[in-house]
Structures are given as C-alpha cells and as structure tokens.
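S.K.:
Numbering (my numbering), first residue to last: 206 to 348.
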C-alpha cells in the first residue's frame, strides 16, 4: 500500500525528464557480473535491479511476438512506503518512461481495515484529503 503524505511529491513528466538528465551520472565501467541473458546483475547495489545492457538481444523465439502491454502489481508496507515507491519508480517506471512512445499509467490502491471501525472525524479527514488529492474513488464501507 502506498501512503501519500507531506514527504511525497508528484511532478509532471517534463519536469521529471529534465531532472533525470540533470542528475545523470557519467558512464562508469561495469562492476557486476553478467547474468544468463547478458544483463548486468547489480543486485548488490542499493535499489539493485537488472538494467538492460547495450547489444543485449533476446532469443529469436522470444522476440517473434511483440509484447505491447505490461501489468505489474505489488504491495507496499505502510511504514517505508515512500522509499519503496521511489524504488519502484526508479527501477521500473523510469525504464518505460525513458522510451519514446511508451504511455505509462500508475494506479494506487489503498485498503485499510479496522476491527473497531473508523470514527467520523477520521472518515471526514480521509475523504477531504482524497478529494484534495483528486482520488477517483474513496469510500468507507460497513464490512
């Protein structure tokens, strides 16, 4: 689950692209080991993901059918969600948004349950915050 609080920041795509270019590190020699598909296995690096390497080609059988959509879901812990969300953006979303012609949509689903129920003050605060943050749907229900 993702928690949007005063430390969370959403910025427009153009501003993000400009920022990305401004912090782009200079090329450095590879320090990891090559995995099965010629990709650098950088799992020991903080935020460690696998990044495609130049000249990395998939097998002819795998590339014969173009994959045109991607769907992914994950759960985040309420404590530390900001860092987890940043890591997802850095390691997954940036891979897509750095390519021309790729439309990326990010949806956030929040589910909270209380065995004692939510009091009126909390419900009002959450609904007002969701309205301000332009949630398309935000409801409390009985069970």
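Beta carbons: idealized from backbone N, C-alpha and C, even for Gly. Values in this document were obtained by computation on a predicted structure and should not be read as measured data.
Locate the alpha helix (DSSP H) running through residue 301, then write down its first and last residues.
M.R.: Unbroken alpha helix (DSSP H) run through residue 301: 299 to 302.
S.K.: Quick test of your reading: residue 161 and residue 289, contact by CB under 8 Å. State the CB separation rounded to the nearest angstrom.
M.R.: With the chain running from 206 to 348 in the structure shown, residue 161 is simply not present.
S.K.: Taking Cβ positions, are residue 351 and residue 307 nearer each other than 8 Å?
M.R.: Nothing about residue 351 can be read from this structure; the chain reaches only from 206 to 348.
S.K.: Three-state secondary structure (DSSP) at residue 227?
M.R.: It is helical.
S.K.: How far does the alpha helix (DSSP H) with residue 290 in it reach, from first residue to last?
M.R.: Residue 290 -> alpha helix (DSSP H) spans 286 to 293.
S.K.: Alpha carbon to alpha carbon, what distance is there between residue 332 and residue 344?
M.R.: Rounded to the nearest angstrom, the two C-alpha atoms are 8 Å apart.
S.K.: On the three-state DSSP scale, how would you describe residue 329?
M.R.: Residue 329 falls in the helix class under three-state DSSP.
S.K.: Give a yes or no on whether the C-beta atoms belonging to residue 287 and residue 213 are separated by under 8 Å.
M.R.: Yes, Cβ-Cβ distance for residue 287 and residue 213 is below 8 Å.
S.K.: For residue 296, which of helix, strand or coil comes out of DSSP?
M.R.: Of the three classes helix, strand and coil, the one that applies to residue 296 here is helix, per DSSP.
S.K.: Is the beta carbon of residue 315 closer than 8 Å to that of residue 298?
M.R.: No, they are not a contact pair.
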